[in-house]
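Here is the structure we will look at.
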DNA sequence: TTTTAGTCCTATGTATTGCAAGGTATATAA
DNA sequence: TTATATACCTTGCAATACATAGGACTAAAA
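Pasting the structure below:
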């Protein structure tokens with residue numbers, strides 16, 4: 001079910017604060033979404049190639065420097081669209097959850 | 112983004128009312144979710160084979176009889192799990208949307 | 001100088017999802 | 001009897017998303 005949500009969640013994250021890969025993994029973990037390196041690096045690269053993200057090299061207190069990703073203007077626009085899609089999906093589910101049960105579930109079932 | 116949501120939406124639908132394929136397509140359309148035959152028949156068959164759905168043959172006012180699908184007890188249990196997963200996902204997104212913007216988005220971007 | 005920790009990356013594989021296209025069967029209407 | 005409308009189904013494709021596994025580079029610590 002979470003399929004396809006990762007991109008949205010990452011853009012939401014980056015809207016709030018520039019972050020590098022391990023950062024993002026940690027923050028998503030806090031938000032109850034488990035991701036691993038092998039998932040996130042290709043995704044960040046893809047989003048950068050599509051022009052939705054850009055990055056700054058920033059020194060690490062230890063080891064290799066970090067790529068801090070931020071939203072580009074195009075990324076911000078794209079996020080607006082994703083927000084709309086998410087709202088629509090939420091509404092769809094809400095509507096379906098609110099349907100009244102009209103017929104008992106256990107009559108005349110043929111397996 | 113809607114990927115993987117279809118199963119959930121169909122189970123929600125069937126919880127409320129037994130339905131056959133074209134019925135389901137129509138109701139999902141009303142709920143703003145477009146689906147076509149080639150998508151739904153394999154899915155219904157899969158869910159039946161997994162024991163989540165069962166069906167009754169019911170005469171059609173015209174043409175071939177219809178398979179009215181209903182949730183099995185196992186399907187109802189499964190739906191409980193999906194509801195939980197959906198709640199968690201909603202919470203995750205809500206949390207990420209509520210993050211405060213802490214750093215401007217347009218400084219020092221290297222493409 | 002070697003080890004360790006942190007950071008980046010790619011290639012490949014797996015699984016799934018949803019769709020397009022084509023096919024079969026039933027029943028009524030012309 | 002043929003045509004039409006309704007209903008079911010299967011096969012195979014395309015996309016994609018995520019994970020696994022491996023590798024390489026940098027800098028500080030031992």
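Residue numbers (our numbering), protein chains in the order written: chain A, 1 to 111; chain B, 112 to 222. Cβ coordinates follow ideal geometry from the N, Cα and C atoms, glycine included.
- Considering only beta carbons, the part of the stretch 7–39 of chain A lying closer than 7 Å to chain B consists of 8, 9, 12, 13, 15, 16, 17, 18, 31, 32, 33, in chain order.
- For the set 213/B, 185/B, 142/B, 146/B, the Cα lying nearest the Cα of residue 163/B is the one of 185/B.
- Taking 7 Å as the threshold, the shortest C-beta distance from residue 115/B to chain A falls below it.
- In the same chain as residue 56/A, and ignoring 5 residues on each side of it, the C-beta atoms closer than 6 Å to its own belong to 68, in chain order.
- Per the coordinates, the alpha-carbon of residue 172/B lies some 23 Å from the alpha-carbon of residue 149/B.
- Contact annotation: residue 18/A and residue 206/B have beta-carbon atoms that are not nearer than 7 Å.
- As computed with DSSP, residue 31/A is found in no beta bridge at all.
- Residue 146/B sits buried, since 16 or more C-beta atoms from the chains shown fall within 10 Å of its C-beta.
- The C-alpha of residue 70/A is placed about 5 Å away from the C-alpha of residue 54/A.
- Beta-bridge partners assigned by DSSP to residue 179/B: 167/B.
- Residue 175/B has its alpha-carbon roughly 44 Å from the corresponding atom of residue 202/B.
- Against chain B, the CB of residue 88/A has a partner CB under 7 Å away; the residue lies at that interface.
- Between the C-alpha atoms of residue 116/B and residue 59/A there is a straight-line separation of about 41 Å.
- Per DSSP, residue 201/B has no beta bridge partner at all.
- Neighbours of residue 97/A in chain B, taken as residues at a C-beta separation under 7 Å, are given in chain order as 123.
- Between residue 45/A and residue 134/B, the alpha-carbon positions lie close to 42 Å from each other.
- Around the beta carbon of residue 8/A, 16 or more other beta carbons sit within 10 angstroms, so the residue counts as buried.
- By the Cβ neighbour-count rule, residue 93/A is buried, with 16 or more other Cβ atoms within 10 Å of its own.
- Of all alpha-carbon atoms in 89/A, 2/A, 15/A, 3/A, the one lying nearest the alpha-carbon of residue 77/A is that of 15/A.
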